[in-house]
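Here the working numbering is used: the first residue of the sequence shown is 40, the next is one more, and so on. For every residue, glycine included, the Cβ atom is placed at its ideal position computed from N, Cα and C.
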Amino acid sequence: LKEAQLDTYIRSLPDGLDTSIGERGIRLSGGQRQRIGIARALYEDPEVMVLDEATSALDGETEAAIMESINRLHGNKTLVIIAHRLTTIEKCDLVYRVGEQKAGRER
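Encoded structure:
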């Protein structure tokens with residue numbers, strides 16, 4: 040939970056992890072849903088993680104903290120990160136830009 044920046048939020052809930060979030064997480068914000076998805080992915084510990092706009096609903100500070108956690112996986116996991124924000128992919132080894140009906144390696 041800490042790696043996904045959820046620990047403080049969970050502690051603030053009346054029933055902690057047992058708090059009802061409604062059907063399909065209706066009581067959660069988009070950012071909270073994204074952080075839960077990231078926490079689940081980190082908990083499952085897969086060999087390959089695909090993050091498709093996984094931080095798009097987060098503020099810059101929260102995104103930076105989560106990306107710091109994800110970047111610590113460098114060398115241990117294969118990460119495919121799809122993002123519009125350049126700050127999300129700044130530490131990636133390979134970057135491809137997709138647009139205008141073409142794709143090319145940027146670095």
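Check                                                                                                                    : Outcome
Residue 88 - partner residues in DSSP beta bridges                                                                       : 118
Outcome for residue 125 when other beta-carbon atoms lying within 10 angstroms are tallied against a minimum of 16       : exposed
Simplified DSSP state of residue 96, which is helix, strand or coil                                                      : coil
Nonlocal neighbours in the same chain, by C-beta distance under 6 Å from residue 118, ignoring five residues either side : 88
Residues that residue 130 bridges to, as DSSP identifies them                                                            : According to DSSP, which records beta bridges pairwise, residue 130 is partnered with nothing at all.
Under 8 Å between C-beta atoms of residue 43 and residue 105                                                             : yes
Those residues which DSSP pairs with residue 141 across a bridge                                                         : 138
Residue 134 versus residue 113: straight-line alpha-carbon distance, rounded                                             : 15 Å
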